[in-house]
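One structure is given here, and the rest of the page talks about it.
Numbering (mature numbering (1 follows the signal peptide of the UniProt record, and there is no 0)), first residue to last: -15 to -1, 1 to 122.
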């Protein structure tokens, strides 16, 4: 029994936080340089603001084809290294789409892969089918 208690105490001591706690940093509030807000009317809205640390945000909502609120806008901020980031986006019945040079893009498909896709589409159009083992049926 004493062994189990000792084992429990050792386990609890390993579970204690290992980092050094430091006092929270006190930061000055960031001033808002500009802020414009239009009243919400159904699915329609618009707002934008800019802060003294370079953050800029603009967002606009309009009614979509099925009564939803479609949104479009952008945001700009600066990374710690001074690089400026800008993201423009649209969110509507076709989903969320963002554009920015910071968003990674996939490499183009190689020619042999495109050829295989073309062949598969031709076979599908002619009604050719294959079983699970790769034999034509």
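No residue lacks a Cβ here, since even glycine has one placed at the ideal position from N, Cα and C.
This structure is a prediction, so every number in the text was calculated from the model and none was measured.
Three or more beta-carbon pairs separated by less than 8 angstroms are not found between the stretch 95 to 104 and the stretch 66 to 84, which leaves the two stretches without contact.
Secondary structure of residue -2 (DSSP, three-state): helix. Restricting attention to 105, -14 and 44, the CA atom closest to the CA of residue 23 is found in 44.
Considering only 106, 79, 69 and 109, the residue with the shortest C-alpha distance to residue 87 is 69. With respect to the 8 angstroms criterion, residue 46 and residue 29 are classified as neighbours on the basis of their beta carbons. Residue 122 and residue 112 have their C-alpha atoms spaced approximately 10 angstroms apart.
In this structure, the straight-line span from the alpha carbon of residue 21 to that of residue 14 is close to 20 angstroms. Only residues of its own chain outside the window of five on either side were considered, and among them 18, 19 and 41 have a CB closer than 7 angstroms to the CB of residue 35, listed in chain order. The C-beta separation of residue 71 from residue 61 comes to about 5 angstroms, placing the pair in contact by the 8 angstroms criterion. The residues 74 and 75, in chain order, have a CB closer than 7 angstroms to that of residue 82 in the same chain once the five nearest residues on each side in sequence are set aside. Under the rule that a run must span 3 or more residues, the beta strand (DSSP E) segments found entirely inside the stretch 4 to 34 read 17 to 26. With a contact defined as Cβ atoms closer than 8 angstroms, residue 12 and residue 37 miss out at about 13 angstroms.
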